[in-house]
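Since the structure comes first, as structure tokens, the remarks are kept for the end.
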Amino acid sequence: MLRAVPIRWRILSIALLNSAVVVVLAALIWNGATVLRSAWEDVRQVRESDKILAKLETETSRLQNLIHRYINQPSPELFAEILLLREAVLGTLTTRAATDPMLSGSVEQLERVTSRFLDGFGELRAVQAKITKTYEEQVLGPAKDMAGLYSIIEGATGHRDALIWPSLGKSREAFTAMLVAANAYYLSLSTASAEEARRNTETIEKTIPVMIDLADNDLQRLALARLNKRTEALREGLGKLTEQLASRTELLRNTIDASQADAIGVIDDLSITMRQREQKAQETFDRTLSDISRRVLSIAVIFLGIIVSAGVLIALSIRLPLQQIMASMHAITSGNYDRRVQGTDAKDEVGAMARAVEVFRENAIAKRQAEDELRAAKERAESALLELNTAQQNLIDAERLAALGGLVAGVAHEVNNPIGISLTVASSFARRTEMFEHELKSEQLRRSKLDEFVKSSRDAAQQLVANLQRAGELIQSFKQVAVDRSHAERRQFALSEATDQIVASLRPVLKKAAIALTVDVPEGLMIDGYPGSYGQILTNLFLNAVNHAFADARSGAITISARARGSDDVEIIFADNGAGMTPDVQRQAFDPFFTTRRNEGGTGLGLHIVYNLVTQQLGGRMVLESRLGQGTTFRIIMPRIAKGQPMGQPMGQPTIADQATDGTAQWPNRTMSST
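Its first residue numbered -18, the sequence shown is counted upward by one per residue in this note's numbering.
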């Protein structure tokens, strides 16, 4: 029944079920989110209010510490900081706390406690001003007078041995200790310092009568009388300072500290209320979240069961037919084309796939038949290609041997002249010897006959030596060239000497055509390479020029020159002033079997062999420059130490491209120019 429904509608039904689940869950989540938002708003508001309370508590505590510091050590900086912090506390109460819905009912109480706290600071400043005035006028003022009187008394005492001096020293020490204790009491409110100041004052009062009795002049008595009065004033100032400091301490305890404690208490009560409201809002939030989670989980489980059931049925309606198709595909790929594909009569997409696989099976059967036929054709083609490669190699070898055969014929013709002359001279000399022997036996030998015989013998010997030496040179040159050509041995050779030998073997060809040959190869260019390949290159280039550049017995000139290029390379230039080449001919000049004189017996392998010898065996490059009617120039640039290997090497051995392991760039395959 499901196979009758297209797969896209089956998959769409799963998507519709998922969409329904999403809609229902979204409705539940939105409903719960409204409740959660309200509960979270309460929690957030409580936390904001708690932050305001924490800030107020921190600011009031800091204000209390600043007031205590100011009381102990007044300074304009501390006073300015207290005023700024006071404004900050009032600003927090009037701006943030008054607008906070959680704190708006408690702002008046907070403002009242804070105002009392701040008003107490004003009273405290007034008391502090009185204390400072009392200390400066009624403690430090008499103390300064007493210090001056002590100086007067010491000045009126003439020497250290006076009777008044011990009492004066004791009184002066008590005065110094009293000043230190009074200052310490003023700064730290230490009861021990206050007691020490009172005790030292009493000591001063006790020593004054003794010093009056021991005074020995009126100036001392007058100073001691005034010292007694200033001591009484100092005692009264210390008493008044003690009363004012006690009043300040009481004010700090009852107004500043008590008001701050009341503010902290109010803040703590509000914090407790905030905690309760926060706990209630958090419980509402947790309960709502739990209800939403439970409902979402229930609906998700129900819909999940429905979706899983529908998905399993739909998956089976797709999976089982696909397995059948996969089995058919495996059979086809394994070469079993006889098994037909099942489910081709179904109406859904899988049925269409089954029908496509059936077509694929039929095509595979046809393809196998075509492959069998193609394989047979390939074998026939490979056999023909092998025969063609063999024929090509035979043609190349024949071309090389033909050049060597032409060289043999030319050298044989050239050697024939000196040997023929030598044979004629030798025959004539033999007849002359027989005649001389006959004359010697038949009659008395005259001196003129002997001189004539010696002269003719000397001429014959000179001619024999010259002609045989010429023949020997030709034979030796041919022998070296022939050995180099046939064996392709690698050895060191002088480029000029090898060139001269090759040119000597080519001289017979020059006699048949009106071609002037010029050689300019300097001495001392040593090459570590293959002289046979070099000879093959020059021979092929020379014969190619004779047959193409100077066709139809046309006259002209050929130039062979060489020069060093740096320390590693040698440049060889073979140039003629013959017919030249067209751009089309230049592009194909090095291709095998390409020739412009095929009807006249050309094979098209001459320049191809030259190109392979230069680039592969010698490891160089070749540049062709030609213009129609203006001649052709071949530039061969090759290393002094050849990098290649002999032609006809066994397969699998490294070539010039494989041997370039020193990181240097290889020569380009070919370069041509029509300029």
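Glycine included, every Cβ here is placed at the ideal spot set by N, Cα and C.
From 274, 214, 227, residue whose alpha carbon lies closest to that of residue 7:
Taking the first residue of the sequence shown as 1, we reach residue 7 at position 26. Selected option, being the one with the closest Cα: 274.
Which of helix, strand or coil does DSSP assign to residue 500?
One-based indexing of the sequence shown puts residue 500 at position 519. Three-state DSSP puts residue 500 in a strand.
Can you name the start and end residues of the beta strand (DSSP E) that residue 120 belongs to?
Residue numbering aside, residue 120 sits at position 139 when the sequence shown is read from its first letter. Taken as a continuous stretch (DSSP letters only), residue 120 belongs to no beta strand (DSSP E), as it is neither H nor E.
Select from 534, 520, 480 the residue whose C-alpha is nearest the C-alpha of residue 493.
In the sequence shown, the residue the question calls residue 493 occupies position 512. Out of 534, 520, 480, 534 has the C-alpha closest to the C-alpha of residue 493.
Contact under 8 angstroms by Cβ, residue 212 with residue 189:
Position 231 of the sequence shown, counted from the first residue, corresponds to residue 212. Position 208 of the sequence shown, counted from the first residue, corresponds to residue 189. A contact, by the Cβ cut-off of 8 angstroms.
Which of the three DSSP states is assigned to residue 170 in this structure?
By 1-based counting over the sequence shown, the position of residue 170 is 189. In the structure shown, residue 170 sits in coil (DSSP, three-state: anything other than H, G, I, E or B).
Residue 473 - containing beta strand (DSSP E), residue span
For the purposes of this step, residue 473 is identified with residue 492 of the sequence shown, where counting begins at 1. It spans 472 to 475 - the beta strand (DSSP E) in which residue 473 sits, taken as one unbroken run.
Candidates 19, 280, 159: which alpha carbon is nearest residue 215's?
As a working mapping, residue 215 is identified with position 234 in the sequence shown. Answer by Cα proximity: 159.
Tell me the residue span of the beta strand (DSSP E) that contains residue 199.
One-based indexing of the sequence shown puts residue 199 at position 218. Segment 199 to 232 is the alpha helix (DSSP H) holding residue 199; no beta strand (DSSP E) there.
contact_flag[the segment 216 to 231, the segment 143 to 151] where n(CB pairs < 8 angstroms) is 3 or more
no
At least 3 beta-carbon pairs within less than 8 angstroms: the segment 518 to 532 vs the segment 587 to 606:
yes
Let me know if residue 574 comes out buried or exposed under the rule of 16 or more other beta-carbons within 10 Å of its beta-carbon.
Translated into positions along the sequence shown, residue 574 becomes position 593. When all chains shown are included, residue 574 counts as exposed.
Residues bridged to residue 620 (per DSSP)
For the purposes of this step, residue 620 is taken as the residue at position 639 of the sequence shown. Its beta-bridge partners are 550.
For the segment 471 to 478 and the segment 497 to 504, state whether three or more C-beta atom pairs, one from each stretch, are separated by less than 8 angstroms.
yes
Tell me whether residue -8 is buried or exposed, calling it buried when 16 or more other Cβ atoms sit within 10 Å of its Cβ.
Locating residue -8 in the sequence shown gives position 11, where the first residue counts as 1. Classification of residue -8: exposed, given that the 10 Å Cβ count is below 16.
Where does residue 543 sit, in a helix, a strand or coil, going by DSSP?
In the sequence shown, the residue the question calls residue 543 occupies position 562. Of the three classes helix, strand and coil, the one that applies to residue 543 here is strand, per DSSP.
Exposed or buried, what is residue 187 when buried is set at 16 or more other beta-carbons lying within 10 Å of its beta-carbon?
One-based indexing of the sequence shown puts residue 187 at position 206. So residue 187 ends up on the exposed side.
Per DSSP, residue 507 is paired with what?
Stepping through the sequence shown from its first residue, residue 507 is reached at position 526. Residue 507 pairs with 475.
Grab me the residues of residue 265's own chain with a C-beta within less than 6 angstroms of its C-beta, minus the 5 sequence neighbours each way, in chain order.
Residue 265 sits at position 284 when you count from the first residue of the sequence shown. Here the set comprises 20.
Could you check what DSSP says for residue 614 in three-state terms: helix, strand or coil?
Here residue 614 refers to the residue found at position 633 of the sequence shown. In this structure, residue 614 counts as strand in the three-state DSSP scheme.
Cβ shell of residue 155 (< 6 angstroms), same chain only, five flanking positions each side left out
Taking the sequence shown and counting its residues from 1, the one referred to as residue 155 is at position 174. Excluding sequence neighbours, residue 155 sits near 181, 184, 185.
When the Cβ atoms of the segment 125 to 144 are set against those of the segment 167 to 182, are three or more pairs found closer than 8 angstroms?
no
In this structure, how does DSSP classify residue 42 when only helix, strand and coil are distinguished?
Position 61 of the sequence shown, counted from the first residue, corresponds to residue 42. In this structure, residue 42 counts as helix in the three-state DSSP scheme.
Among 193, 108, 126, 445, whose alpha-carbon lies nearest the alpha-carbon of residue 403?
Taking the first residue of the sequence shown as 1, we reach residue 403 at position 422. If we check each option's Cα against that of residue 403, 445 comes out closest.
Continuous alpha helix (DSSP H) stretch holding residue 315: start and end
As a working note, residue 315 is residue 334 in the sequence shown. Taken as a continuous stretch (DSSP letters only), residue 315 belongs to no alpha helix (DSSP H), as it is neither H nor E.
Determine the direct distance from the alpha carbon of residue 545 to that of residue 578, and round the result to whole angstroms.
Here residue 578 corresponds to residue number 597 of the sequence shown, with the count starting at 1. Here residue 545 corresponds to residue number 564 of the sequence shown, with the count starting at 1. Cα to Cα, the separation comes out at about 36 angstroms.
So, with DSSP's three-state summary, where would you put residue 537?
As a position in the sequence shown, residue 537 is number 556, starting the count at 1. It is a strand residue.
To which residues does DSSP link residue 555 through a beta bridge?
Within the sequence shown, the letter at position 574 stands for residue 555. 541, 615, per the DSSP bridge assignment.
Does the distance from the C-beta atom of residue 105 to that of residue 226 stay below 8 angstroms?
Working through the sequence shown from its first residue, we reach residue 105 at position 124. Working through the sequence shown from its first residue, we reach residue 226 at position 245. Contact flag unset, no.
Give the single residue among 487, 439, 560, 440 whose Cα lies nearest to the Cα of residue 611.
Position 630 of the sequence shown, counted from the first residue, corresponds to residue 611. The option with the nearest alpha carbon to residue 611 is 560.
Which of helix, strand or coil DSSP assigns to residue 603
Counted from its first residue, the sequence shown places residue 603 at position 622. If DSSP states are grouped into helix, strand and coil, residue 603 belongs with the strands.
Proximal residues to residue 466 (C-beta, below 7 angstroms), its chain only, five neighbours per side dropped
Reading the sequence shown from its first residue, position 485 is the one you call residue 466. Only weak support is given to the placement of residue 466: the predicted model assigns it a pLDDT of 49, under 50, and the value that follows is read from those uncertain coordinates. Only 385, 513, 516, 517 meet the Cβ criterion.
Pairwise C-alpha distance: residue 519 and residue 486
Counted from its first residue, the sequence shown places residue 486 at position 505. Counted from its first residue, the sequence shown places residue 519 at position 538. Cα-Cα distance, rounded: 11 angstroms.
Is residue 138 helix, strand or coil by DSSP?
As a first step, residue 138 is located in the sequence shown; it is residue number 157 there, counting from the start. Three-state DSSP puts residue 138 in coil, outside helix and strand.
State the start and end residues of the unbroken alpha helix (DSSP H) segment that holds residue 596.
Counting from one through the sequence shown, the residue named residue 596 turns up at place 615. Run containing residue 596: none; DSSP gives neither H nor E here.
Please look up how many angstroms separate the CB atoms of residue 661 and residue 27, rounded, as I've assumed it's under 8 angstroms.
The displayed coordinates of the chain run from -18 to 656. Any statement about residue 661 would go beyond what the structure contains.
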